[in-house]
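Novice: Following this message is one structure expressed as structure tokens.
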Amino acid sequence: MTIAHPAYAQLRQVTPIAAVMLENNPGMMTLDGTNTWILRAPGREEIVVVDPGEADEDHLLRIAKVGPVALTLITHRHRDHTEGIDRFVGLTGSPVRAVLPEFRRHTDAGLPDGELIEEVGLAIRVLRTPGHTKDSTSFVIEGEGSVLTGDTILGRGTTVLDSTDGDLGDYLSSLRSLIDLGAGRTVLPGHGPDLPDLQAVAQEYLAHREERLDQVRAALEALGHDATAAQVVEHVYSDVDRKLWPVAEQSVRVQLAYLRR
Numbered sequence: 655m656t657i658a659h660p661a662y663a664q665l666r667q668v669t670p671i672a673a674v675m676l677e678n679n680p681g682m683m684t685l686d687g688t689n690t691w692i693l694r695a696p697g698r699e700e701i702v703v704v705d706p707g708e709a710d711e712d713h714l715l716r717i718a719k720v721g722p723v724a725l726t727l728i729t730h731r732h733r734d735h736t737e738g739i740d741r742f743v744g745l746t747g748s749p750v751r752a753v754l755p756e757f758r759r760h761t762d763a764g765l766p767d768g769e770l771i772e773e774v775g776l777a778i779r780v781l782r783t784p785g786h787t788k789d790s791t792s793f794v795i796e797g798e799g800s801v802l803t804g805d806t807i808l809g810r811g812t813t814v815l816d817s818t819d820g821d822l823g824d825y826l827s828s829l830r831s832l833i834d835l836g837a838g839r840t841v842l843p844g845h846g847p848d849l850p851d852l853q854a855v856a857q858e859y860l861a862h863r864e865e866r867l868d869q870v871r872a873a874l875e876a877l878g879h880d881a882t883a884a885q886v887v888e889h890v891y892s893d894v895d896r897k898l899w900p901v902a903e904q905s906v907r908v909q910l911a912y913l914r915r
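According to this note's numbering, the sequence shown is numbered sequentially starting from 655.
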């Protein structure tokens with residue numbers, strides 16, 4: 655029987671190279687939970703892991719048992735992707751590469767844009783995609799063309815931009831970079847199910863962001879240009895469940911910063 659998303663504690667093969675282990679940490683910001691991606695070239699035992707997830711012992715043990723871990727990559731700094739790093743390194747001895755130095759282990763190597771990481775028969779292209787956070791990074795699996803998008807593009811819903819270091823201008827540029835990769839690439843997201851066509855999803859995301867920007871501009875015209883993020887949310891998101899307003903407010907703060915620049 656084919657395993658379908660969501661499938662906790664099971665290794666689900668998505669492409670010939672990429673499999674996913676879904677962590678059992680569902681929530682408003684994590685959807686069904688964090689996707690830990692496991693990459694393995696055909697005929698090889700060693701693996702590359704992307705985002706070990708939170709400090710969940712059972713989850714980390716399951717990943718460590720899949721195979722010898724040659725390298726761990728981090729898509730961005732949020733704790734649901736990084737909290738388990740030290741325990742995972744203790745279990746596997748894996749070096750960890752990340753944009754931010756505080757998440758690197760057993761290496762000083764960052765993730766420069768455009769680098770081709772060649773490891774255990776895999777070729778993984780680094781594509782910096784800031785916006786959700788400043789350090790957000792995607793990974794293109796060369797050969798099959800699938801793309802690990804972290805939280806830049808999700809398997810369902812839309813991405814919240816972090817109000818501490820997220821940037822809408824960067825995010826719009828990142829979406830255009832993903833669109834430019836071309837059609838037919840499988841999306842391997844940080845949360846939610848995989849999707850069949852990155853270009854189509856990124857175009858939908860871009861259209862949604864531009865629509866929201868127009869709504870925020872209209873709200874500022876109605877409320878005054880010094881309106882707060884909370885006032886804008888109440889005006890623009892009146893048809894959205896109020897429990898989601900605090901999350902929406904994060905994105906609105908980023909949108910206001912973009913417009914006021």
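We put the CB at the ideal spot given by N, CA and C, even for glycine.
Let me confirm a value: His-879 is counted as buried when at least 16 other C-beta atoms fall within 10 Å, else exposed. Which label applies?
Specialist: So His-879 counts as exposed.
Novice: If you draw a straight line from the C-alpha of Gly-785 to the C-alpha of Leu-727, how long is it?
Specialist: When rounded, the distance between both Cα atoms is 19 Å.
Novice: Can you tell me which of Arg-741, Arg-733, Ala-724 puts its alpha carbon nearest to the alpha carbon of Thr-761?
Specialist: It is Ala-724 whose Cα lies nearest to the Cα of Thr-761.
Novice: Report the rounded CA-to-CA distance for Val-702 versus Gln-904, giving the unit in angstroms.
Specialist: If I take the Cα positions, the gap works out to 33 Å.
Novice: Tyr-726 bridges to which residues according to DSSP?
Specialist: Reading the sequence as shown, one finds Thr at residue 726 and not Tyr. Val-703, Val-750.
Novice: Please go through the same chain and pick out, in chain order, the residues whose beta-carbon is closer than 8 Å to the beta-carbon of Glu-769, but skip the five residues on each side of it.
Specialist: Within the same chain, Glu-769 has close Cβ partners Arg-779, Val-780.
Novice: Considering only residues of the segment 869-909, which uninterrupted alpha helix (DSSP H) runs meet the minimum length of 4 residues and lie entirely inside it, listed in chain order?
Specialist: Listed in chain order, the complete alpha helix (DSSP H) runs (minimum 4 residues) inside the segment 869-909 are 883-890.
Novice: Using alpha carbons as the reference points, say which of Leu-745, Thr-783, Arg-758 lies closest to Asp-767.
Specialist: Ranking the options by Cα distance to Asp-767, first place goes to Thr-783.
Novice: Please name the residue in Val-886, Thr-813, Ala-861 whose C-alpha comes closest to that of Ala-873.
Specialist: Minimum Cα distance to Ala-873 is reached at Val-886.
Novice: Tell me the rounded alpha-carbon separation between Leu-822 and Met-675.
Specialist: Approximately 30 Å, taken between the alpha carbons.
Novice: When the Cα of Pro-850 is compared with those of Arg-810, Glu-700, Val-704, which residue comes out closest?
Specialist: Comparing Cα-Cα distances from Pro-850 to each of Arg-810, Glu-700, Val-704, the minimum goes to Arg-810.
Novice: Do Ile-692 and Pro-706 have their C-beta atoms within less than 8 Å of each other?
Specialist: Cβ distance not < 8 Å, so Ile-692 and Pro-706 don't count as in contact.
Novice: Quick check: the Cα distance between His-921 and Val-901, rounded to an integer number of angstroms?
Specialist: The first residue shown for the chain is 655 and the last is 915, placing residue 921 beyond what the model contains.
Novice: State the CB to CB distance for the pair Val-906 and Ala-883, rounded to an integer number of angstroms; the pair is presumed to be in contact (CB under 8 Å).
Specialist: Their Cβ separation, rounded to whole angstroms, is 4 Å, which keeps Val-906 and Ala-883 in contact under 8 Å.
Novice: Tell me whether the beta-carbon of Asp-789 lies closer than 8 Å to the beta-carbon of Arg-731.
Specialist: Yes, the Cβ-Cβ distance between Asp-789 and Arg-731 is below 8 Å.
Novice: For Arg-863 and Leu-898, which I take to be in contact (beta-carbon distance under 8 Å), what is that distance rounded to the nearest angstrom?
Specialist: 17 Å between Cβ atoms; not a contact.
Novice: Would you mind reading off the limits of the alpha helix (DSSP H) that contains Leu-832?
Specialist: That run of the alpha helix (DSSP H) goes 822-833.
Novice: Would Thr-806 and Thr-812 qualify as a contact pair, given that the criterion is a beta-carbon distance under 8 Å?
Specialist: Not closer than 8 Å, so no.
Novice: Which residues bound the beta strand (DSSP E) around Glu-795?
Specialist: For clarity, residue 795 is Ile in the given sequence; the question names Glu instead. Start and end: 791-795.
Novice: Do Ser-748 and Phe-757 count as a contact pair if the criterion is CB distance below 8 Å?
Specialist: No.
Novice: Comparing alpha-carbon positions, which option in Val-841, Ala-837, Thr-791 lies nearest Val-645?
Specialist: Absent from the structure is residue 645, since the part of the chain shown begins at 655 and ends at 915.
Novice: DSSP three-state call for Gly-836: helix, strand or coil?
Specialist: In the structure shown, Gly-836 sits in coil (DSSP, three-state: anything other than H, G, I, E or B).
Novice: According to DSSP, Pro-843 sits in a beta bridge with which residue or residues?
Specialist: In the DSSP output, where bridge partners are listed per residue, Pro-843 has Gly-804.
Novice: Is it true that the CB of Ala-673 sits closer than 8 Å to the CB of Gln-667?
Specialist: A contact, by the Cβ cut-off of 8 Å.
Novice: Of the choices His-845, Tyr-891, Glu-888, whose alpha-carbon is the least far from that of Tyr-662?
Specialist: The residue with the shortest Cα to Cα distance from Tyr-662 is His-845.
Novice: Given a threshold of 16 other Cβ atoms within 10 Å of its Cβ, counted over all protein chains shown, does Gln-909 qualify as buried or as exposed?
Specialist: Buried, since its Cβ has 16 or more Cβ neighbours within 10 Å.
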